[in-house]
Structure formats: structure tokens, C-alpha cells
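Undergrad:
Number of protein chains: 2
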Amino acid sequence: MDFFNVTILPDSVQIKVPADFTLKQVFNENGINFEFPCGGLGVCKRCKVTIIRSDGQVQEALACQYRVKEDVTVKLPHKEAKHAILSEGIERHVAVDTLVKKVYFELPHPTLSDNRDDWKRVIEQQGIKTSLKVLQDLPEKLRESDFKVTAVIEADRVISIESRDTTHKLLGMAFDIGTTTIAGYLVDLKSGKDLCRVSTLNPQTRFGADVISRISYASESAEGLDKLHGAVINEINNLIQEAAKQANHSPLDVYAITFAGNTTMHHLLLKIPPKYLARAPYVPVVTAPVVVDAAEINIRINPEGKVFAFPNIAGFVGGDTVAAALAAELDKADKLKLLIDIGTNGEIVLGSKGKYLACSTAAGPAFEGVQISCGMRGASGAIDHVSIGEEYEYTVIGNTSPRGIAGSGLVDAVAELFKAGIVDEKGRLLKAEEIKDPIGKQYKDKITSINGITAFVIAEGSSGPVYINQKDIREFQLAKGAIAAGIEVLLKEYGAETKDIDEVFLAGAFGNYLRPESACDVGLIPKELKDRIKGIGNAAGAGAKLALISQKEYERAVALSREIKYIELSAHPDFNSIFLNKVGF
Amino acid sequence: MDFFNVTILPDSVQIKVPADFTLKQVFNENGINFEFPCGGLGVCKRCKVTIIRSDGQVQEALACQYRVKEDVTVKLPHKEAKHAILSEGIERHVAVDTLVKKVYFELPHPTLSDNRDDWKRVIEQQGIKTSLKVLQDLPEKLRESDFKVTAVIEADRVISIESRDTTHKLLGMAFDIGTTTIAGYLVDLKSGKDLCRVSTLNPQTRFGADVISRISYASESAEGLDKLHGAVINEINNLIQEAAKQANHSPLDVYAITFAGNTTMHHLLLKIPPKYLARAPYVPVVTAPVVVDAAEINIRINPEGKVFAFPNIAGFVGGDTVAAALAAELDKADKLKLLIDIGTNGEIVLGSKGKYLACSTAAGPAFEGVQISCGMRGASGAIDHVSIGEEYEYTVIGNTSPRGIAGSGLVDAVAELFKAGIVDEKGRLLKAEEIKDPIGKQYKDKITSINGITAFVIAEGSSGPVYINQKDIREFQLAKGAIAAGIEVLLKEYGAETKDIDEVFLAGAFGNYLRPESACDVGLIPKELKDRIKGIGNAAGAGAKLALISQKEYERAVALSREIKYIELSAHPDFNSIFLNKVGF
């Protein structure tokens, strides 16, 4: 093997390089920032550099194509990278290098001295793939448009050739498919800018509230999977239509969609049988990233559009967690980070650059208002904060009359009831006469019995009292105990201690509203981390958008999904005893 | 960049290698023969080598996956490569490394401590692609077959997963699609062995005898292309069925098909509009290799089977010429070679390793019996050789009563008539009384007038005389003049002389029957090359088979198609005068 010296101007960096490496490889492997608008396929011709050969000859070359075959000096042009700013979730600047790209060409007409075939006229570069349909349509498309065409490119493939310059029509959508809610973000892929956000309830809810019931429904009959798949696809099509309309575009202008969801949502979206997710050892059909034609799953965007499903980690830690880990940049963390995403399920990731562990707990429903007497989602009318001390206070989302209690309100309420001596260390809601704490005593009138169960009335709502009862507290204990135990198991497996955790990221709406003190007071999160808790909003949605805008971010997500090691709590020898230790206060 | 020393045992070869190179790269780039049964995807686990690390630690690793990160010693196992022998065309040994492969797996069942997803259980290696359909069917397929499955692999893609061990069912077909004839070869892709050959007339003939009339037909109406495409696909399906039946197999056992044909046949096969092939500057839609799903063009083999269309060179030099160049190994030639493939068109390639020129002449029909009064293809009843000297002799294919004259017979007849003084230097067929040559005079009774045109009766056939007339000789002169001129133009462009040509390969049936002396006597091929002419049979078919059996051969064909430079004779300033110089004798 031969090696050559490459000197890079203006900084005069000198690098030893094996023969036949492209300059793109040299730049990438040596951390030299340089943009490749078509992804390095050699089709856009925009990564031109000046090559000064050892004999003094000067030539221009494409950095993605030029192979080093002698000692050379390479002069880089000055360029400014386009950057996008995300407006949702964790804000972050990324260079726009979208999963689907467009390149506009004004081509010379064929002549006897330039009689290249039509395909080579558009894509000179060898090895770029395309579909038979593109080739079948190519001759007429070129000639009807006076040889001015736009190539739509995904990875190393031309997925479509369009007449004239259509580079202004290039949208993408990022979807966060939750068990309960679907949120979609329409993005202009030319600028990387957000256009609008749409959301709705997941229509699969009518077939079952949680993933287990949906897996059962999908597995019980031949049509079950069809129905669940059809329902979510139909709703996604509605959202795409709605978002496109809001932005004065057609759904046909959408070429790329990223999906982040838990593994069950992922399988149902792709019509992959989820049956074995629900029975031990809970194996998914696929965790690797799946890219399909939108048309293949009946998603109505541009007929040549592509769908990128986020990779999963395991049966109960899915692409939404990967997307959240990407948004939180766990792969760049020098110190230990804890990521908790509490949705309908609760997923936990512990790790820093290069080593990550994840687990899943079925803890979520309580925090989303499910299985709680007056529980509701964090919407208008939900009590989100409660304070039971010298003063008695609560706040309601939307400042309206209270209708129910949100997850964050539940955590607050339980924490405050405990501190006021109204709930004891084992989680028992004391009767009025049993309260000994002087502060607690002030609120004994709020303790009553509703439907035969001891309850604490937080507020009088327009349609009756908003309360939590003994059963709610038990549900809560199971939920927070599971998460607390999950954190401890992960720490143990990681060989780390609580104090090593540098930051706790709380993803999801719940995480944004949650009061860190209360989370620590109830033992949901270890007390010593109180000042290190950070709500990061819809991190799954933010991650899905990042991947849509940037090939590199997508690849980071894929790398994360491979590196995060899943710990099956139900198979862990210490889980049960840790859990039982965590249910009290 | 870092570099390490790799020592390879048993031969103790030492190679300096850049960090992160795989052993596969090291082997390939340093000419070390080693087999990668799954093509180096890391899925078959059969390229195991022993690694001896610098600290003395010994481990096994896959050569295709192991990346060099330190100085190591690599011990190769003893292996014997499987080789195939081609029985048609040019015989040549190639290692079996088929375009579509099968790998059988007996997998462990999932457990809580091994809960990899189904896909990863089969294909551990990252980055291997598959279809959504494979994933959708995967969970049931694995479980119904007790986790014993066969993966069908094409390039870096699993195209199908089959229950149990189906590696004995892996056939391929190589097709040579001529304007007039279609020949198909059924090959066992496990052994690389030929199973049978089938052939038939190209049914497109009823829409036009030559490519120009078919291009017209395809371009004149919307259904024209559909009909031509449908006709050839239908016939190919018949041939596949017939071949499979002969070999006691089902067409479903066929997974890969290679097609070599001229550019028009290529476009019609793929339903790509050929319109612009027929008008200056004669540009094809695509010359790059096209790989499509068989189902996409309605070819009825295994539903997941693949079709590989040979790459073209230009509008009138197609994949059949590439296949012939591959069979003739022009890319390994140290000395100048001339390849002439005379079918319905006549394609000529001149070159040696690294530099090749090609041109096309519309010369073929005469040699295939078209446009010649008694012309016929080289089939039973065709006169294939004629001798007009002291003795008068002719031979008939099949030793039956003569029905017509084949291309080789035509060349012989013209050569002999000229030598006997019956045809003059300008190509005029003399009247009986004009003949001066004593030998020629012996045959003056054979000169007569048929339909008002002077003719020479070669033989009395069962259904009338077999003759050639003045018009036939004129057709012949145009044909041979075009080829002779093509050769001269190529030599001129190459900067070479006739004497530099080391070997002349004559491809096609015509080339096999042709008598070198006659070809030189009539000036079809320069006289000084008489002893260097070699008939190589159906080289296009042989090339198509080579590519089917060996990935490497396929890649050689692709490289050849890119390197062969096309010379458009109609645009060449000297062609017309050279041509006019070549029509006489």
C-alpha cells in the first residue's frame, strides 16, 4: 500500500493518507468541516476544491470524487454552512443536510460530439442508483423541459426527476407517534425551518388504551393488525393534509417523513406483526432503522417520498427513546446523564458518550392521568401544581375552573400530603382524626370518603370535587416505585452511584410541568439530584426533526440505537426487592 | 492517520495497512485470494481467520468484519475454491460467487438473556438492507420453521427469507437477446454448472425485422412499446418455463437473470422508450447497469428474483458487446485484440487492457441471410461453405438438400467467385460470355438470369435453385465494406496499425462457420490477420453466464462498459471515403 501527504490550505494542515482515499474521506476522518450538498455523491458539483499537484499544476476537482494518488496541496474555498434552529424541544443548531435532497440541473442538449445517454447526462457520477420508473420517464421528461430538471436524491439513489426547477418544493414531516397522542412537525427542508405543528389523539386508542391491549387486538385476528395499521395511517394522512394546508403547500411537496414511536407503535405503523412483543422474552421483529417508500404503507405524500422509521432498542424501549437521546445528545455527554421519558410507558436511559443502558417500566399511565380517579392529561382545566403548607394553593392549566389533576399535580399533591403528615411513610391516606401534624390538621376538612374510599379533595371543580383517594396513591406508589427502581438497577448495572449523575433530563410534557422538589420528595428521583433536573419537552419530536433535517443527526440516532444496551427489568435478579424498597416514602 | 503492520500466515507476507481497514480490504487490495461466500456482508460467518495480537492473544474473527487497529498476525485457513466451467462459447474457469446467494442458518431460540430482535437474530451484521415484506413475514416464518431459515441475498440486501434449508434450490438464467434470436441458459447457482440451453425466435420480429423498424413501431403509438415489451417478456417466460421443466425444477427456483442484448433490445425489455435511439445523435436512455425486480417487468421466476441487465456502451453498441468483450477478456489483454460480433448489427471493439474503442455498423443483415435472395440463417439446409476451383464443392448444414445460403456460405461464394474471375474487382457478376478466367469458364453454365437479374446458381435445392445474384453481391459489398471501414476507423482512432492486432475474435454463429481465408479474400478482415482469426461462438451468451455465476465477472463487465469508448462512424470525417475504398475487392 502507498501513502501520500495531503496539505490542506489555508491552515496548512498536513495529513498522511493511504492511496486512493477521496478528499471527502480525508476531511471526514480528520475532522475538517466541509459541506457536501448532495451528500458526496458527486452529482451536485458543489464541493469543488483547488488541487495543487507536486509538479505545480493546478486543477479544480470535486472533493467527494478526487482520489489521492500523489502528494498534493488542497485549497479549500470559503463557505458558510446553512444552519437550522429547532423551535420545539431542545433547541439546537444543525447544518441542513436533509435525508431527501434536491439538485437542479440545466443540461446541455445532446449532440453527435456529446451523445452521452440521458441518465449519464443528468447523473454523470457512476454507481448512483435509480428506479426503473425514473428511467422509463426520463427521455420525455428531459425533452419536455428543455433539459432543465431537478433530481430528488435519497442516500445514493435518485428517487425522482422533475421537470424544471422545483427546489423550492421540498418539505418534510417529523412525527412523534405516542400511544395516546400523535404530533407532527412540518419542516421546510430547503431552509431547515419549522413551518407548523399539528397533533391529534392516536385513533388506535379505541382498540385499547395501552400497548399490551393493542398488541392483543392485532394478534387475535387476521384483520386486527390491518385495522390498527389503517387507523394510524389514516390519521397521519389527515395530519399531513392539515399541516400542508396551513403552510399553503400540497402534500405532494412532502418527500421525507421521520417517525419516532415506541416499538409497538413502530410495528403497527409498518404493519409488522407485534405479537411477540407481548410475550416473554418480548422480542421485536426489527430494531434496525427501516426506510420504506411512503406509498408502500399508503402514506399520501409525493409518490416517490420516503419514510424513515427511527430504530428501536428493544421491545419496550423504542425509537421515541432513541430520538429523545439524540435530542439530549447523550452521545456527546462527557459526564453521566439520566434521561427519563414518561409517557404511557416510562423509559429510562443512563449513560455518557459510548456506554448507555436503558430499561422500560410500565409506570407511565398514572402520570398521564390514566387509572387515577380524577386524572387527566396536562390540558386546560388540569391542576398542575399543588401546595399544602401554611398556605394552600393550586394552579390550573388555562386558569379555568379545575376539571381534574395532571401528572405533575399528582406528584405535587402526594409530596405535599406526605410532608403535611396526611399520608404516612407507607402511603396510607390518614383519616381526619388520625392526623397528628399541625399543618396537616389544618386540612382535615378536605378528607372525606368518596364511593367508600378515603379521599382528599384538592379543589371543588365546576362539575364536582377534584380529589385523590387511597387507590390513586397506591397506583402512584407502584408507578414511582417502578421508575425509582429502574434508575437504581441501571446505576447498579452501570457500576455508578447516584452522585455520579451529572444531569437528569425529563422528557415529555409531564417532565416540563413536574416540580423537581416534589419528584424528589416522593422518591421518584433520588433527592441528591434535585438541582440537576431539567425538563426538555417533547424530546422525541425534537429528535425526529433533527434526523429529518440532517443526515448526520439521523446517523447519530442509528449509532445510539445500536449502542444503548437494554436491561430487561423483569429478568433482573434484584429488581423486585429494589422495587419493594421504593414504593414507600 | 495511523498505520499498522499485518503479517499474513502461512506465507509471512507483511503489509502496511491504514487503521480501520478490514482484512477483506487488505486481502483484496494486495491480491490475496480468499473466499467471502456471502460477499463480505458478515452474515455467513464463513471467512473466519485466526488473529494473533501483538500481546500474544489469539482470537477468531471474520475477515470481512475485522478492522485493523494494531499490529497483528493473521492466519488463513486452507480452503478450496469452487469453480465453474462454462460449456458454451469461450470456456473459462471462474470462482462461484453468484449475483444472488443463499445462506442457511440454524438459529438459537430467543430467551430473556438473548432477546435480540428477529431480524438481528438472522442478520447480526449492521447495515444489511431488506424489504418491508421480509420483515412483515419474518416472525411467523422463524417460528413455523423452528428458527431454521435460508436467507436469499443480493448485494447488501436480503431479498427473501425462506423456511428451512432451501440452498439446493438456487437457479439462474442468462439470456442473450438478439434482434432475431433469444437464447437462454439455465445454470445451477450452487455449483455454477450449466443445466440446459433453450432458444427461440424473437417474437418482436413480427413488428419489424431490424432495430430501426422496432424503434419506429414502439414510438409511433402509446401501445407500440407495450406490445414489443410484452412480446419479448412473454417469450422469455416461456423459455424459463421450458428450461426449468427440462431440468426438473420450478421457475420459482430461479432467483437471478442476466440479460445481454443490443441497446434497443435492452430498452424494449425494460419498457424504456427507445425513440431517441433512432434519431441523431442516437442517445440511449441509460447505459449504466440496471437491476430490477423480476416482478417489476412481469418476469415469472421467484417473486423476489432479480434481473440484471448488462450495461450498454452507446445507442448502437449494447450489452451484448459488453458481454462478448467480457467473455473474450479484453480487459486482460496485453496485446491489441479485435472483437467483431456480427449479428443483425455488426459491432466492433478494438483494444487491450485499459483502452478500448467500439463502433457499430448496420452491416449485419446480409450475413444473417436477410436481404439476400436465397439467404437464410445458419440452420439445417443452409449452404455454409462453397468452393469454386478445380473442384466444385459445397456443404450443407445437417447434410440435407440445400434450402438456402448462410452468411458463411455467402462469404465463401463471393470470395470464390472473385478468385475464379466470375466477379470482377468492382463486384460485377460477369455474364457467361464475359468470363476470361479458365477456371471461371468451367462454371459458365451456372450463370443465368433469374427474375431479370444476373445470378450464379450454387446448387439445385429441393424447392428450386439456391443462387446469389448481382443484387446480393451489392448488398454483401455494402455490408463487408462497412465492417472493413469500421475496423480501419477504429485503428486510426486508436493510433495503431493492422499489424499491431494480435488476435481477431469473431463472435456469433456466423463467426464460428466463417472460413478465415474467405473473410480475408473478400476484404471483410485485413489479409495479414488471416492466421489470427478465432471464432468464439456465442460470446454474448457466455458473458451473460459468467456474470450470473460471478459477482467479480459482473463487475468486470460494468467496468468494461464504462471504459469502452464509442466512436460514432456517421460523425467521423473519414468514414465515407474509407467505406467507399472498402466496397470493392
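Residue numbers (the working numbering), protein chains in the order written: chain S, 22 to 606; chain Y, 22 to 606. We treat Cβ as the ideally placed atom computed from N, Cα and C, and that holds for glycine. Keep in mind it's a predicted model, so treat the numbers as computed, not measured.
With which residues is Tyr125/Y paired in a DSSP beta bridge?
TA: Stepping through the second sequence from its first residue, residue 125/Y is reached at position 104. The partner list for Tyr125/Y (beta bridge, DSSP) reads Thr171/Y.
Undergrad: Run through chain Y and tell me which residues come within less than 9 Å of Ile293/S, C-beta to C-beta.
TA: The sequence position of residue 293/S within the first sequence is 272, counting from 1. Correct list: Leu153, Leu156, Gln157, Leu159, Pro160.
Undergrad: Just how far apart, CA to CA, sit Asn269/Y and Ser571/Y?
TA: To locate residue 269/Y, count along the second sequence from 1; it is residue 248. To locate residue 571/Y, count along the second sequence from 1; it is residue 550. Approximately 24 Å, taken between the alpha carbons.
Undergrad: Quick one: Cα of Asp595/Y to Cα of Asn319/S, how far?
TA: Along the second sequence, one-based indexing puts residue 595/Y at 574. Along the first sequence, one-based indexing puts residue 319/S at 298. Cα to Cα, Asp595/Y sits roughly 58 Å from Asn319/S.
Undergrad: Let's test the definition: count the other Cβ atoms within 10 Å of the Cβ of Gly326/S and tell me whether it reaches 16, buried, or not, exposed.
TA: Residue mapping note: residue 326/S aligns to position 305 of the first sequence, counting from 1. Buried.
Undergrad: Does the CB of Val604/S have a neighbour CB from chain Y at under 8 Å?
TA: Counting from one through the first sequence, the residue named residue 604/S turns up at place 583. It does not: the Cβ of Val604/S has no partner Cβ on chain Y nearer than 8 Å.
Undergrad: From which residue to which residue does the alpha helix (DSSP H) around Ile236/Y run?
TA: As a working note, residue 236/Y is residue 215 in the second sequence. Here the alpha helix (DSSP H) through Ile236/Y covers 232-241.
Undergrad: Anything in the segment 580-605 of chain S with a Cβ closer than 7 Å to a Cβ of chain Y? List those residues in chain order, please.
TA: Arg583, Glu589, Ala592
Undergrad: In whole angstroms, what separates the C-alpha of Val232/Y from that of Asp341/Y?
TA: Translated into the one-based positions of the second sequence, residue 232/Y becomes position 211. Translated into the one-based positions of the second sequence, residue 341/Y becomes position 320. The straight-line gap from Cα to Cα measures roughly 14 Å.
Undergrad: Spell out whether any CB of chain Y is found under 8 Å from the CB atom of Lys296/S.
TA: Within the first sequence, the letter at position 275 stands for residue 296/S. So, interface residue.
Undergrad: Within the same chain, show all residues whose beta-carbon is closer than 7 Å to that of Arg74/S, passing over the 5 residues directly before and after it, in chain order.
TA: Here the question's residue 74/S lines up with position 53 in the first sequence. Taken in chain order, the residues that qualify are Glu91, Val93.
Undergrad: Quick one, are the C-beta atoms of Gly245/Y and Asn223/Y less than 8 Å apart?
TA: Position 224 of the second sequence, counting from 1, holds the residue named residue 245/Y. Position 202 of the second sequence, counting from 1, holds the residue named residue 223/Y. Contact flag unset, no.
Undergrad: Quick one: grab the DSSP three-state call for Gln498/Y.
TA: Against the second sequence, residue 498/Y aligns to sequence position 477. It is helical.
Undergrad: Can you check whether the CB of Arg88/S is closer than 8 Å to the CB of Asp41/S?
TA: Position 20 of the first sequence holds residue 41/S. Position 67 of the first sequence holds residue 88/S. Going by C-beta atoms, Asp41/S is nearer than 8 Å to Arg88/S.
Undergrad: What is the rounded straight-line gap between the Cα of Gln46/Y and the Cα of Ile53/Y?
TA: Here residue 46/Y refers to the residue found at position 25 of the second sequence. Here residue 53/Y refers to the residue found at position 32 of the second sequence. In a straight line, the C-alpha of Gln46/Y is about 10 Å away from that of Ile53/Y.
Undergrad: In this structure, how does DSSP classify Ala176/Y when only helix, strand and coil are distinguished?
TA: To locate residue 176/Y, count along the second sequence from 1; it is residue 155. In this structure, Ala176/Y counts as coil in the three-state DSSP scheme.
Undergrad: Nearest-angstrom Cα distance between Pro310/S and Thr71/Y?
TA: To locate residue 310/S, count along the first sequence from 1; it is residue 289. To locate residue 71/Y, count along the second sequence from 1; it is residue 50. When rounded, the distance between both Cα atoms is 32 Å.
Undergrad: Using a Cβ distance threshold of 8 Å, determine whether the segment 118-138 of chain S contacts the segment 184-197 of chain S, with at least three qualifying pairs required.
TA: Touching, yes, given that three or more Cβ pairs across the two stretches are closer than 8 Å.
Undergrad: Since Tyr303/Y meets chain S, which of its residues come closer than 7 Å, beta carbon to beta carbon?
TA: Walking along the second sequence from the start, residue 303/Y turns up at place 282. Asn136, listed in chain order.
Undergrad: Go to Met194/S, then tell me how far its beta strand (DSSP E) extends in each direction, as first and last residue.
TA: One-based indexing of the first sequence puts residue 194/S at position 173. First-last of the beta strand (DSSP E) with Met194/S: 192-198.
Undergrad: Quick check: is any heavy atom of the ligand GTP less than 7 Å from the C-beta of Phe42/Y?
TA: The ligand GTP is not part of the structure shown, which contains no ligands of any sort.
Undergrad: If we ignore side chains and look at the alpha-carbon of each, how far apart do Gly448/Y and Arg495/Y end up?
TA: Indexing the second sequence from 1 puts residue 448/Y at position 427. Indexing the second sequence from 1 puts residue 495/Y at position 474. In this structure, the CA atom of Gly448/Y is about 7 Å from the CA atom of Arg495/Y.
Undergrad: Whole angstroms is fine: what's the gap from Asn602/Y's alpha carbon to Gly502/Y's?
TA: Along the second sequence, one-based indexing puts residue 602/Y at 581. Along the second sequence, one-based indexing puts residue 502/Y at 481. If you take the alpha carbons of Asn602/Y and Gly502/Y, they lie about 8 Å apart.
Undergrad: Would you decide whether Arg300/S is buried or exposed? Buried here means 16 or more other CB atoms lie within 10 Å of its CB.
TA: Locating residue 300/S in the first sequence gives position 279, where the first residue counts as 1. Answer is exposed; the Cβ neighbour count stays below 16.
Undergrad: Pop quiz: Val173/S and Ser166/S are said to be a contact at Cβ under 8 Å. What is the actual Cβ separation, rounded to whole angstroms?
TA: Residue mapping note: residue 173/S aligns to position 152 of the first sequence, counting from 1. Residue mapping note: residue 166/S aligns to position 145 of the first sequence, counting from 1. About 14 Å; that fails the 8 Å criterion.
Undergrad: When you compare the CB of Leu133/S with every CB in chain Y, is at least one pair closer than 8 Å?
TA: Numbered from its first residue, the first sequence carries residue 133/S at position 112. Yes, Leu133/S counts as interfacial toward chain Y.
Undergrad: Over the uninterrupted alpha helix (DSSP H) stretch that includes Val208/S, give me the two end residues.
TA: The residue labelled residue 208/S in the question sits at position 187 within the first sequence. Counting along the chain, Val208/S falls outside any alpha helix (DSSP H), though it belongs to the beta strand (DSSP E) covering 202-209.
Undergrad: Using a Cβ cut-off of 8 Å, pull out every chain C residue sitting near Val311/S, in sequence order please.
TA: Absent from the structure is chain C; the protein chains it does hold are S and Y.
Undergrad: Closer than 8 Å by beta-carbon distance: list the chain Y residues that pair up with Asp139/S, in chain order.
TA: Residue 139/S sits at position 118 when you count from the first residue of the first sequence. What Asp139/S touches in chain Y: Tyr297, Val304, Pro305, Val306, Val307.
Undergrad: For Pro58/Y, which residues from the same chain have a beta carbon less than 6 Å from its beta carbon, with the 5 sequence-adjacent residues on both sides left out?
TA: Numbered from 1 along the second sequence, position 37 holds the residue referred to as residue 58/Y. Here Pro58/Y has Cys65, Arg67 as same chain residues with Cβ atoms under 6 Å from its own Cβ, once five neighbours each way along the sequence are excluded.
Undergrad: So Gly507/S and Leu590/S are supposed to be a Cβ contact under 8 Å. How far apart are they, rounded?
TA: For this step, residue 507/S is matched to residue 486 along the first sequence. For this step, residue 590/S is matched to residue 569 along the first sequence. Indeed they touch by this definition, with Cβ atoms about 6 Å apart.
Undergrad: Closer than 8 Å, CB to CB, is Ala383/Y near chain S or not?
TA: For this step, residue 383/Y is matched to residue 362 along the second sequence. Answer no: the Cβ-Cβ gap between Ala383/Y and chain S never drops below 8 Å.
Undergrad: Does any residue of chain S have a CB that is nearer than 8 Å to the CB of Pro324/Y?
TA: Looking up residue 324/Y in the second sequence gives position 303. For Pro324/Y, the answer is no, since every Cβ of chain S falls outside 8 Å of its Cβ.
Undergrad: Is DSSP giving Ala506/S helix, strand or coil here?
TA: Within the first sequence, residue 506/S is the residue found at index 485, counting from 1. In this structure, Ala506/S counts as helix in the three-state DSSP scheme.
Undergrad: Whole angstroms is fine: what's the gap from Val34/S's alpha carbon to Glu81/S's?
TA: As a working note, residue 34/S is residue 13 in the first sequence. As a working note, residue 81/S is residue 60 in the first sequence. One C-alpha to the other measures close to 19 Å.
Undergrad: How many whole angstroms separate the CB atoms of Ile588/S and Leu291/S, which I take to be in contact at a CB cut-off of 8 Å?
TA: Counting from one through the first sequence, the residue named residue 588/S turns up at place 567. Counting from one through the first sequence, the residue named residue 291/S turns up at place 270. 26 Å between Cβ atoms; not a contact.
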